[in-house]
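17 is the number of the first residue of the sequence shown in the numbering used here; add one for each residue after it.
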Amino acid sequence: MMQKVFTRPKSMFPVPTHYCPGCGHGIIHRLLAEVIDELGIIERTVGVAPVGCSVLIYNYINCDMYEAAHGRAPAIATGCKRVHPNLVVFTYQGDGDLASIGTAEIVHAAARGEKITVLFVNNAVYGMTGGQMAPTTILGQKTTTSPYGRAPAREGYPVRIAEMLATLDGAAYIARAAVNNPKNIIRAKKMLRKAFETQIKGLGFSLVEFLSQCPTNWGMSPAEAVKWVEEKMIPYYPLGEFKTPKGEKETAGGV
Numbered sequence: 017m018m019q020k021v022f023t024r025p026k027s028m029f030p031v032p033t034h035y036c037p038g039c040g041h042g043i044i045h046r047l048l049a050e051v052i053d054e055l056g057i058i059e060r061t062v063g064v065a066p067v068g069c070s071v072l073i074y075n076y077i078n079c080d081m082y083e084a085a086h087g088r089a090p091a092i093a094t095g096c097k098r099v100h101p102n103l104v105v106f107t108y109q110g111d112g113d114l115a116s117i118g119t120a121e122i123v124h125a126a127a128r129g130e131k132i133t134v135l136f137v138n139n140a141v142y143g144m145t146g147g148q149m150a151p152t153t154i155l156g157q158k159t160t161t162s163p164y165g166r167a168p169a170r171e172g173y174p175v176r177i178a179e180m181l182a183t184l185d186g187a188a189y190i191a192r193a194a195v196n197n198p199k200n201i202i203r204a205k206k207m208l209r210k211a212f213e214t215q216i217k218g219l220g221f222s223l224v225e226f227l228s229q230c231p232t233n234w235g236m237s238p239a240e241a242v243k244w245v246e247e248k249m250i251p252y253y254p255l256g257e258f259k260t261p262k263g264e265k266e267t268a269g270g271v
């Protein structure tokens, strides 16, 4: 009898996802489910789904879920965690949801040190609504609303969320990962586990930013999108830990 060494996480429903071929959301969903399983917290985990491509995450992750208004996931998560501090609460948000309409929500949740964990998916474009420019769209990148490429004088500069939130006293753990190759995926999982452990220990706000592929809206093949993350996104959004709990060494840009 052969030994099974790889299987679906128990916290993940056995269903196909609706995501486009080559999209990074499916990878991040699996990492989330694996971390929940390994920490043994499925019975007390609550997620907050956003508005965006991942609006249907409740169909894939087998835990209780809220559905939040656009950008308001941190507020919903704050209310849940304060009323039920024994729960493990996470939000799952894209760059349009978190970095645009939800900017105030995420900044003040971090500033207050809310004991929640945020999964922030940065694919540098508005994925669900047609590929418009996002706050995280990089310089020179063409989108439906920046057809000539993002230029500082016209559209301003991309927002580095991880670096910004790391300056806030309430933030306990802030990191940036990528899901473009096996090595980075392994690192991403370690960061996500650390973020959840930060919450479980009651140390404060935690967030992991994931650089993710969006082949459809980038107008690329999945293979080209993986390469684009490596060559274009990571140089502007360096990977690493930007804020760690006191007493632990930060490794920004070098994890």
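All C-beta atoms in this analysis are idealised placements derived from N, C-alpha and C, irrespective of residue type, glycine included.
In this text the structure is predicted, and so the values were computed from the model without any measurement.
In the pairwise beta carbon analysis, the region 173–188 is classified as touching the region 119–137: at least three pairs are separated by under 8 Å. A direct Cα-to-Cα measurement between Tyr82 and Asn102 gives close to 17 Å. Look at the region 30–108 and you find these whole runs of alpha helix (DSSP H), each 4 residues long or longer: 41–55 and 89–99. In this chain, the beta strand (DSSP E) harbouring Ala188 covers Ala187 to Ala194. Shown here, Val245 sits in a helix according to DSSP, grouped into three states. Pairing His45 with Ile77 gives a Cβ-Cβ distance under 8 Å. Cys39 is the residue among Tyr173, Ala91, Val21 and Cys39 whose C-alpha sits nearest the C-alpha of Ala241.
Following the DSSP letters along the chain, one finds Lys205 inside the alpha helix (DSSP H) bounded by residues Pro198 to Ile216. Annotation: the continuous beta strand (DSSP E) that includes Thr133 extends over Thr133 to Asn138.
The C-alpha of His100 lies about 16 Å from the C-alpha of Ala89. Leu181: member of the alpha helix (DSSP H) spanning Ile177 to Leu181, first to last residue. Asn196 is classed as buried because its beta carbon has at least 16 other beta carbons within 10 Å across all chains shown. Straight across, the Cα-Cα distance linking Gln229 with Gln19 is about 33 Å.
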